[in-house]
Structures are given as C-alpha cells and as structure tokens.
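Novice: Supplied in structure tokens, the structure appears directly below.
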Amino acid sequence: MGQFKQDKIYGVFSSQEIKKVGTGTTTRKTVSKIFWFVEENEDGSITVQSINANYVPTGVKKTITKEVLLEKYSPEPEFYASSVYPKMKELNDTLDSADESRKNGETFSAEFKYNHALKIDVANVRANFGIGLTYLERGDAEKAKNIFQRLVNLEGAYSEEHKHLFNEFGINLRKSKMFAQAVEYYNRALNLNKSDENLFINLARVYLEQKQYDSCFEALSAALELSPKHEIATKFVVWMKDKSLITPKQFEEVQKFI
8 MGQFKQDKIY GVFSSQEIKK VGTGTTTRKT VSKIFWFVEE NEDGSITVQS INANYVPTGV
68 KKTITKEVLL EKYSPEPEFY ASSVYPKMKE LNDTLDSADE SRKNGETFSA EFKYNHALKI
128 DVANVRANFG IGLTYLERGD AEKAKNIFQR LVNLEGAYSE EHKHLFNEFG INLRKSKMFA
188 QAVEYYNRAL NLNKSDENLF INLARVYLEQ KQYDSCFEAL SAALELSPKH EIATKFVVWM
248 KDKSLITPKQ FEEVQKFI
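Residue numbers (the working numbering): 8 to 265.
In structure tokens:
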C-alpha cells in the first residue's frame with residue numbers, strides 16, 4: 008500500500024496552497040495542505056484527483072506530467088495506508104454489494120447501499136448511475152429525474168471508464184419514456200465528445216420514439232459521416248426510407264455513406 012503499484016506511481020500525494028489573508032498591514036500568508044489520489048497511466052502521464060473530507064478520491068480527474076508531480080507534490084504513504092485505502096475499500100465494497108442487489112432485483116436494498124456510498128462521496132459516478140438505474144428500474148420517475156440532473160452536471164460521468172454505465176442509463180431513460188431527459192443527456196455527452204457515432208445512433212432512437220423524424224435522420228447522418236457503412240446506422244436509415252419516414256432527397260444525401 009505504498010506509492011508504487013507494479014512499478015507505477017500510485018497512492019496519495021499532497022501539494023501546498025499559499026493564500027493571502029487580510030488586507031494592508033494586516034496581510035499574512037497561510038499555507039494549507041491539499042491531498043490528492045495519484046495514479047500513473049500506461050503512457051506515463053499522471054492522473055490526480057482530490058481527496059474529500061471522507062478520505063476518498065472525488066471529482067474530475069486532471070492529468071499532469073511526472074515532472075510536475077515530482078516538483079510540486081509530496082508522497083503521503085502513511086496517510087494513504089491509515090485513512091484513504093480503508094475508506095476506498097469500504098466505498099468499493101459498498102458499491103459492489105449495491106450493484107449485486109440491483110442485478111438481483113433487490114431495488115430497496117440497492118437504494119440503501121448506493122445512498123451509503125453517496126454519503127461517502129456525493130459525486131461518485133458509479134453510485135449516482137447505480138441509484139439512478141435503480142429508480143428507473145423501479146419506475147420511480149421523480150427520484151430518477153433528480154439523479155438525472157446531478158448526472159448531467161457530473162463531467163466524470165462521460166469518461167471512458169464509465170461508458171457501460173453511461174450507455175445503460177441512457178437506454179433506460181428511453182425505455183422509461185423520459186425522452187426529454189434522454190435528449191438532454193445525449194446532447195451533453197456530444198458536447199464533450201462529438202466523435203462517437205454510437206451517441207448519435209442512441210440519440211436517433213430517442214427522436215424516433217418522439218416521432219421527430221427529421222431530427223432522427225440528422226443524428227443518423229452524423230453517425231454515418233463519422234463511421235461510413237456503420238451496420239446499425241445503415242439499417243436504421245434504410246428502414247426509415249422503407250417506412251416513408253424520410254424523403255427520397257434525404258436518403259440521397261446519405262447514400263454515399265451506406
């Protein structure tokens with residue numbers, strides 16, 4: 008439980024923040040210590056994430072170089088071993104148990120466990136997705152809407168590591184007929200990543216449910232421009248043509264991509 012894991016940097020480091028307090032002749036400097044959870048990536052870059060008052064990493068991760076880490080951060084192996092590691096393990100064990108309860112259809116048990124995780128870290132992406140899915144699966148639309156609003160503003164929700172949860176949540180929004188929320192959800196993701204054709208296809212499915220055929224077609228066109236001959240997008244467009252949901256002119260616009 009040190010600062011290295013399989014020869015990679017891993018653990019807790021601290022940095023110092025100097026603030027000026029007061030004005031004029033009473034001005035003085037205060038130094039505060041900030042703790043960070045640090046992990047070295049495969050490419051040698053370093054990911055840092057702040058540690059909250061409950062001793063777990065939280066919030067958006069940022070990337071720095073190894074040089075910056077060595078210059079401006081100090082290792083805190085004792086703090087990691089005594090405080091951060093036990094809390095991280097407790098949080099992960101709680102989330103594993105909550106996920107298991109949700110998969111077994113034990114929605115009230117899952118809700119209780121996810122809420123316990125959120126007390127440790129209110130911004131935990133996995134806990135927010137988990138409790139949101141629990142509410143959707145239970146048909147509790149009002150509670151699901153509250154979680155949805157939190158997730159839309161959680162930037163970490165759209166990262167690659169949470170992609171499977173992100174996709175599952177979007178699909179469940181659509182199946183629960185929360186179409187306005189699903190559109191907002193996918194558009195938020197597209198603001199952060201316009202290069203994922205699957206986001207456009209999922210958005211197209213929502214527009215289809217709403218009978219917004221032009222918007223559906225535009226989303227599919229964007230998907231096909233990103234990934235020509237994409238099997239699902241191609242079949243989707245051809246189906247829309249066969250059902251006369253798009254005009255011959257619209258179909259002609261995308262023919263070069265299918």
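Beta carbons are placed, not taken as given, at the ideal position from N, Cα and C, and that holds for glycine.
Fair warning: this is a prediction, and the values are worked out from it, not measured in the lab.
Between the region 145 to 152 and the region 71 to 89, do three or more beta carbon pairs fall short of 8 Å?
Specialist: No, the region 145 to 152 is not in contact with the region 71 to 89.
Novice: Are the beta-carbon atoms of Lys26 and Glu47 separated by less than 9 Å?
Specialist: Against a cut-off of 9 Å, the Cβ pair of Glu47 and Lys26 comes out as no contact.
Novice: DSSP three-state call for Tyr62: helix, strand or coil?
Specialist: Residue state, collapsed to three classes: coil.
Novice: So what's Val129 in DSSP terms, helix, strand or just coil?
Specialist: DSSP places Val129 in coil when its eight states are reduced to three.
Novice: For Val67, does the three-state DSSP call read helix, strand or coil?
Specialist: In this structure, Val67 counts as coil in the three-state DSSP scheme.
Novice: Mind checking whether Leu98 and Asn131 have CB atoms under 9 Å apart?
Specialist: Going by C-beta atoms, Leu98 is nearer than 9 Å to Asn131.
Novice: Which partner residues does Trp246 have in the DSSP bridge list?
Specialist: DSSP output for Trp246 lists no bridge partner at all.
Novice: State buried or exposed for Arg35, treating a residue as buried only when at least 16 other CB atoms are found within 10 Å of its CB.
Specialist: So Arg35 ends up on the exposed side.
Novice: Is Asn135 closer than 9 Å to Lys94 when the C-beta atoms are compared?
Specialist: Their beta carbons are not under 9 Å apart, which means Lys94 does not touch Asn135 by this criterion.
Novice: Just verifying my parser: in three-state terms, what is the DSSP assignment at Gln188?
Specialist: In the structure shown, Gln188 sits in a helix (DSSP, three-state: H, G or I).
Novice: Would Gln23 and Ser39 be called neighbours here (beta carbons separated by less than 9 Å)?
Specialist: Cβ atoms of Gln23 and Ser39: closer than 9 Å.
Novice: Is there at least one non-hydrogen atom of the ligand ATP closer than 8 Å to the beta-carbon of Gln23?
Specialist: Of ligands this structure carries none, so the ligand ATP is not represented either.
Novice: Using the DSSP secondary-structure output, state which residues sit across from Phe44 in a beta bridge.
Specialist: Beta-bridge pairing links Phe44 to Val19, Gln56.
Novice: Quick one: what's Thr32 bridged to in DSSP?
Specialist: Note: Thr32 sits in no beta bridge, so no partner.
Novice: Trp43: buried (16+ other C-beta within 10 angstroms of its C-beta) or exposed?
Specialist: Label assigned to Trp43: buried.
Novice: How far does the alpha helix (DSSP H) with His171 in it reach, from first residue to last?
Specialist: Taken as a continuous stretch (DSSP letters only), the alpha helix (DSSP H) holding His171 covers 170 to 182.
Novice: If distances are taken between C-alpha atoms only, which option among Ser89, Ser90, Phe86, Tyr142 comes closest to Arg109?
Specialist: Minimum Cα distance to Arg109 is reached at Tyr142.
Novice: Among the candidates Tyr220, Thr241, Pro64, Leu206, whose CA atom is the shortest distance from the CA of Ser90?
Specialist: Of the listed residues, the one whose Cα sits closest to Ser90 is Pro64.
Novice: Starting from Phe264, trace the alpha helix (DSSP H) both ways and give me its first and last residue.
Specialist: Here Phe264 belongs to no alpha helix (DSSP H), and DSSP marks it neither H nor E.
Novice: Verify whether the separation of the beta carbon atoms of Ala240 and Phe207 is less than 9 Å.
Specialist: Taking 9 Å as the Cβ cut-off, Ala240 and Phe207 qualify as a contacting pair.
Novice: Using the three-state DSSP reduction, which class does Ile25 fall into: helix, strand or coil?
Specialist: Looking at Ile25 - three-state DSSP - the assignment turns out to be strand.
Novice: Which residue marks the beginning of the alpha helix (DSSP H) containing Val159, and which one marks its end?
Specialist: First-last of the alpha helix (DSSP H) with Val159: 148 to 159.
Novice: Excluding the 5 residues preceding and the 5 following Trp246 in the sequence, name in chain order all residues of the same chain whose CB lies nearer than 6 Å to its CB.
Specialist: Once the five neighbours on either side are set aside, Trp246 has no close Cβ partner at all.
Novice: Sorted by chain position, which residues of the same chain lie with C-beta nearer than 6 Å to Ser21's C-beta, five sequence neighbours on each side aside?
Specialist: For Ser21, where only same-chain residues beyond five positions count, the Cβ hits under 6 Å are Lys40, Phe42, Ser81, Glu83.
Novice: Would you tell me roughly how many angstroms separate the C-alpha atoms of Lys248 and Val261, rounded to the nearest one?
Specialist: Lys248 and Val261: Cα-Cα distance of roughly 11 Å.
Novice: Please list, in chain order, all residues of the same chain as Gln217 whose beta carbon is under 6 Å from its beta carbon, the five residues on each side excluded.
Specialist: The residues are Phe186.
Novice: Is the beta carbon of Val190 closer than 9 Å to that of Tyr165?
Specialist: Result no, Cβ atoms of Tyr165 and Val190 do not sit closer than 9 Å.
Novice: If Arg181 sits next to Arg212, beta carbons under 8 Å apart, how far is it from one beta carbon to the other, in whole angstroms?
Specialist: 6 Å between Cβ atoms; contact.
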